[in-house]
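2 protein chains.
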Amino acid sequence: MAEDASAAKVLPRERLRAPARAARQQSLRAHNLALVLREVLTAPSPVSRADVAALTGLTRATVSALVEQLVAARLVRELTPVAGQRAGRPAVPLAAARGTVAAIGAEVNVDYLGVCALDMAGETLVEHVVRDDFRQSDPVPVLDRLADLVADVVAELDGRGVAIAGSALAIPGLVDSVTGPLRLAPNLGWRDVDVLAVIARHPVLAAVPPRLGNDAKLAAIAESRARRRTGPRSFVYVSGEVGIGGAIVLDGSIFRGVHGWSGEIGHVAIGTDGPRDMGGQLESYAGQDALMDAAGLSRSASIAELLRGGEAAQRALDRAADAIGIALSAVLNIVDVDRVVLGGIYADLAARLRPGVEAQLRDRVIAAPWTEITVEAAVAGRYPAMAGGALSVLDAIAEDPVEWLGAEDEVLVAQ
Amino acid sequence: MAEDASAAKVLPRERLRAPARAARQQSLRAHNLALVLREVLTAPSPVSRADVAALTGLTRATVSALVEQLVAARLVRELTPVAGQRAGRPAVPLAAARGTVAAIGAEVNVDYLGVCALDMAGETLVEHVVRDDFRQSDPVPVLDRLADLVADVVAELDGRGVAIAGSALAIPGLVDSVTGPLRLAPNLGWRDVDVLAVIARHPVLAAVPPRLGNDAKLAAIAESRARRRTGPRSFVYVSGEVGIGGAIVLDGSIFRGVHGWSGEIGHVAIGTDGPRDMGGQLESYAGQDALMDAAGLSRSASIAELLRGGEAAQRALDRAADAIGIALSAVLNIVDVDRVVLGGIYADLAARLRPGVEAQLRDRVIAAPWTEITVEAAVAGRYPAMAGGALSVLDAIAEDPVEWLGAEDEVLVAQ
DNA sequence: GGGATTTGTTGTATGGATGAACTTATCGAG
DNA sequence: CTCGATAAGTTCATCCATACAACAAATCCC
């Protein structure tokens, strides 16, 4: 057997769980292991075993035993104990491991293809982006190009001895989270594409089958992580691109809905006056192309050009702000959140759009008098969907580290 | 100490749980106890211990131990074993206990006050309803009348030896599930009323402090239970009354949102053309009063009169169906469910409204081509909000029977 | 240098689930 | 009517993960 300790390892596919699940003793362990791991990962600064014990209510003895497993699994690392300012034995700080286990996030967007890899600490290990125009494209060659990019990243991680926890692929459209295939990505011109089947033709990727995800939802995961320490963890994320996507984040996790098609805010009706087929929806007022058209600019014009545009541009921006506010008022009335995060091109337009959006929300949200509604620009990085995809894989490990431990053990036994 | 074994017993108020909770061995027990109880309660017909073991994956030994506790707590009862058609020792059928433990559901509505009591089996033990007009009423005397009704029900249950698990109060308005007070009930004319404080003045009720709830959400709980066996457990519930309420049910449980103000579908914007303050929202097209006004009928006219009304009535109904469909299309696009249940007056109008609603949904819901969207009339009883309130209390016991066991033990020890 | 203090570890005890053996109660064949 | 087969429910020894308590290690401060 080859001594290839750096071979890519993959989490077993989500096993379908029985309708009712008995809790056995090992469920306890799984729960507490996840608890300790989350505590270490989300702590604002390195924590000791004793800290974790105090935070969770577990005993130090138990925490020690659990931490040992997490360190062995290379999910957590021990830093060198630094003699503190207090009396007593100095604590051993624990933190997320770096460069040991990583997840791959990939993205097909209208303007670019991209792949990145993030480790447990959330650090970007690799990032490749290729710009091109994929409007009305043929899925197969596009996915082939993406697969090549992913293969490069896999090779690089393997070379560095990084275990691959899994991968995710963000697509700007409706992804069926139950049965798998991509249903509709209007701006790519894709419809009913079995993305996984196309990708599986590449041997390297068959070993790392990605979980598909909607780009806005994955971007919202990245945004949620970026805001992890700054206040409330529930918000609506609006992603302005050519299309308008959205996601609802509740207490840090994405609300998916029955099929995984929630948050389609771009298709919320704004006016009943306009033509119904394509007009009348938010996207026809505030989508990137619609906005440029209404401003009398080229569709390839920049946000900066739009902002300093003339009267038509300003009128288009005002109309867009109103439309976004009206659509968001429906969201806020229906799902009861009070924070809005503007992402995509809206992040750069946030200062310009905010007053109009807020006015509509104050006017139309029934709960407005009793809660402060905030509208902010996104703070996650440049490619939030890619990063969010990788983070979603890492989150899955944090949710159920036992599964990952099992997967690693299998590999170790086989060697 | 008095020998009053039938004294009303109340669950301790929801204790605020620590941000991170360690799982100890007794968490295992709590989980499995709840699991077994749910299995017994939701089974379509009585099940044996062996059945439960097979369904849950627990051993028969464990199930026996857990069932013993549930029987002792009077949550589950053993039926007489009936010699089956198979070989082997006949099974002891287990079912929800009847008439032993009950929850009280109360309701203040525009047209009536009501109180009911339901036992673990979901059977109605008592139901009192008083009809009156409470539009623009003074909260204190209304709540006093309600308190008297509740006191009657408590006395009756005590007399029958029924333990009271708790109570819920449904109100047609925004109830703050975090801090407590009623924020706004527009059609009652109530605003920022500390309902619990008013109720606590009545000694009998201070012992059974109700959990407040929005009427549509609680009605949706009753609807969800009524549909427990018929297919998918996720839907949007729309409650048409003078105001229009709504609730989102996901896999059998209510989606509450950040404050508990989700589902306010009545305030979703339909058209941007109309005046913005009160017009333009669903309620101004399809609320009961709006509907009667538009039909040229008296506001106290019946649904039957509306249905057989003339051209104006038919036009009003068509407009209402369109408006409901447009508002629901926003809900379906945002939260991704595919079933709509029409409750309140819409249940009686469902046959008339359905085509218009469905047409709008087919047109406006982006996911429509890939999932069948259904619109149905509600099937829960006449006072779903009251019943749903009681059910929500019973559900809480089913979620965490240990808490109820603890509460009962305290009473038993004290005696 | 010694006491105080805090961290992490090493036992032993405990609660809850498992699994196998056992008892109880029925059906069906001879 | 008796006996074997079959299934339900119970009893008991075992296992496992955590709690609890005692202990060792490493620092601060007087």
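If you read the sequences in order, they're chains Z and B. Here our numbering is used: the first residue of the first sequence is 1, the next is one more, and so on. Here our numbering is used: the first residue of the second sequence is 1001, the next is one more, and so on. Beta carbons: idealized from backbone N, C-alpha and C, even for Gly.
Kindly give me the distance between the Cβ atoms of residue i and residue j, rounded to whole angstroms, as I take these residues to be in contact under 8 Å.
{"i": "residue 1220 of chain B", "j": "residue 1249 of chain B", "result": "5 Å"}
{"i": "residue 99 of chain Z", "j": "residue 90 of chain Z", "result": "25 Å between Cβ atoms; not a contact."}
{"i": "residue 292 of chain Z", "j": "residue 116 of chain Z", "result": "So it is not a contact: roughly 29 Å between Cβ atoms."}
{"i": "residue 156 of chain Z", "j": "residue 126 of chain Z", "result": "6 Å"}
{"i": "residue 1334 of chain B", "j": "residue 334 of chain Z", "result": "6 Å"}
{"i": "residue 110 of chain Z", "j": "residue 214 of chain Z", "result": "Contact flag wrong, Cβ pair sits at about 14 Å."}
{"i": "residue 258 of chain Z", "j": "residue 1338 of chain B", "result": "6 Å"}
In three-state DSSP terms, what is residue i?
{"i": "residue 1275 of chain B", "result": "With a pLDDT of 42 at residue 1275 of chain B, under the threshold of 50, the modelled position of that residue is not reliable, and no figure is offered here."}
{"i": "residue 1085 of chain B", "result": "coil"}
{"i": "residue 56 of chain Z", "result": "helix"}
{"i": "residue 109 of chain Z", "result": "coil"}
{"i": "residue 1146 of chain B", "result": "helix"}
{"i": "residue 1238 of chain B", "result": "strand"}
{"i": "residue 192 of chain Z", "result": "strand"}
{"i": "residue 64 of chain Z", "result": "helix"}
{"i": "residue 1303 of chain B", "result": "helix"}
{"i": "residue 334 of chain Z", "result": "helix"}
{"i": "residue 323 of chain Z", "result": "helix"}
{"i": "residue 1127 of chain B", "result": "strand"}
{"i": "residue 281 of chain Z", "result": "strand"}
{"i": "residue 1376 of chain B", "result": "strand"}
{"i": "residue 1310 of chain B", "result": "coil"}
{"i": "residue 1199 of chain B", "result": "helix"}
{"i": "residue 1002 of chain B", "result": "Here residue 1002 of chain B scores only 34 on pLDDT, less than 50, and its place in the model is too uncertain to base an answer on."}
{"i": "residue 137 of chain Z", "result": "coil"}
{"i": "residue 1366 of chain B", "result": "coil"}
{"i": "residue 1167 of chain B", "result": "strand"}
{"i": "residue 1260 of chain B", "result": "coil"}
Would you report the Cα separation of residue i and residue j, rounded to the nearest angstrom?
{"i": "residue 421 of chain Z", "j": "residue 130 of chain Z", "result": "For residue 421 of chain Z there is no data in the structure shown, the boundaries of chain Z being 1 and 415."}
{"i": "residue 60 of chain Z", "j": "residue 67 of chain Z", "result": "10 Å"}
{"i": "residue 278 of chain Z", "j": "residue 323 of chain Z", "result": "Residue placement at residue 278 of chain Z is flagged as unreliable, the pLDDT there being 49, under the threshold of 50; the coordinate-derived value follows with that caveat. Rounded to the nearest angstrom, the two C-alpha atoms are 15 Å apart."}
{"i": "residue 1063 of chain B", "j": "residue 392 of chain Z", "result": "37 Å"}
{"i": "residue 1200 of chain B", "j": "residue 1152 of chain B", "result": "16 Å"}
{"i": "residue 1282 of chain B", "j": "residue 1265 of chain B", "result": "7 Å"}
{"i": "residue 197 of chain Z", "j": "residue 150 of chain Z", "result": "16 Å"}
{"i": "residue 346 of chain Z", "j": "residue 1384 of chain B", "result": "43 Å"}
{"i": "residue 1230 of chain B", "j": "residue 247 of chain Z", "result": "30 Å"}
{"i": "residue 106 of chain Z", "j": "residue 161 of chain Z", "result": "20 Å"}
{"i": "residue 1275 of chain B", "j": "residue 373 of chain Z", "result": "In this prediction, residue 1275 of chain B has a pLDDT of 42, which is less than 50 and means its spatial position is unreliable; nothing more can be read from the coordinates."}
{"i": "residue 329 of chain Z", "j": "residue 365 of chain Z", "result": "5 Å"}
{"i": "residue 340 of chain Z", "j": "residue 1094 of chain B", "result": "49 Å"}
{"i": "residue 1379 of chain B", "j": "residue 1222 of chain B", "result": "9 Å"}
{"i": "residue 1143 of chain B", "j": "residue 1190 of chain B", "result": "12 Å"}
{"i": "residue 344 of chain Z", "j": "residue 138 of chain Z", "result": "24 Å"}
{"i": "residue 1348 of chain B", "j": "residue 1404 of chain B", "result": "39 Å"}
{"i": "residue 1218 of chain B", "j": "residue 1253 of chain B", "result": "10 Å"}
{"i": "residue 35 of chain Z", "j": "residue 1079 of chain B", "result": "42 Å"}
Tell me the DSSP bridge mates of residue i?
{"i": "residue 1466 of chain B", "result": "Residue 1466 of chain B lies beyond the stretch modelled for chain B, which goes from 1001 to 1415, so this question has no answer here."}
{"i": "residue 1078 of chain B", "result": "B:1094"}
{"i": "residue 297 of chain Z", "result": "Per DSSP, none; premise fails for residue 297 of chain Z."}
{"i": "residue 973 of chain B", "result": "Nothing about residue 973 of chain B can be read from this structure; chain B reaches only from 1001 to 1415."}
{"i": "residue 339 of chain Z", "result": "Z:374"}
- [ ] Would you list, in chain order, the members of the region 312-342 of chain Z that have their beta-carbon closer than 7 Å to a beta-carbon of chain B?
- [x] 326, 329, 330, 331, 333, 334, 335, 336, 337 and 338
Open item on the list: By the 8 Å beta-carbon criterion, what residues does the region 158-187 of chain Z contribute toward chain B?
Closed with: Residues 174, 176, 183 and 184.
Task: Short-range partners of chain B found in the region 40-59 of chain Z, where Cβ spacing is below 7 Å - done: 55, 56, 57 and 58
Open item on the list: Can you pull out the residues from the region 1120-1148 of chain B whose beta carbon lies closer than 9 Å to at least one beta carbon of chain Z?
Closed with: The region 1120-1148 of chain B vs chain Z, Cβ under 9 Å: nothing.
Task: Residues within the region 354-371 of chain Z neighbouring chain B, beta-carbon criterion of under 7 Å - done: 363, 364, 366, 367, 370 and 371
Open item on the list: Counting only Cβ-Cβ distances shorter than 7 Å, please list the residues of the region 1206-1239 of chain B near chain Z, keeping chain order.
Closed with: 1234
- [ ] For the region 1250-1265 of chain B, enumerate the residues whose C-beta is nearer than 8 Å to any C-beta of chain Z, in chain order.
- [x] Taking 8 Å as the cut-off between beta carbons, the residues of the region 1250-1265 of chain B near chain Z are 1250, 1255, 1256, 1257, 1258, 1259, 1260, 1261, 1262, 1263, 1264 and 1265, in sequence order.
- [ ] Could you name the residues of the region 1091-1107 of chain B whose beta carbon sits closer than 9 Å to any beta carbon of chain Z, in the order they occur along the chain?
- [x] If the cut-off is 9 Å between Cβ atoms, the region 1091-1107 of chain B has nothing near chain Z.
Open item on the list: At a CB distance below 7 Å, what residues from the region 1277-1307 of chain B approach chain Z? Give them in sequence order.
Closed with: none
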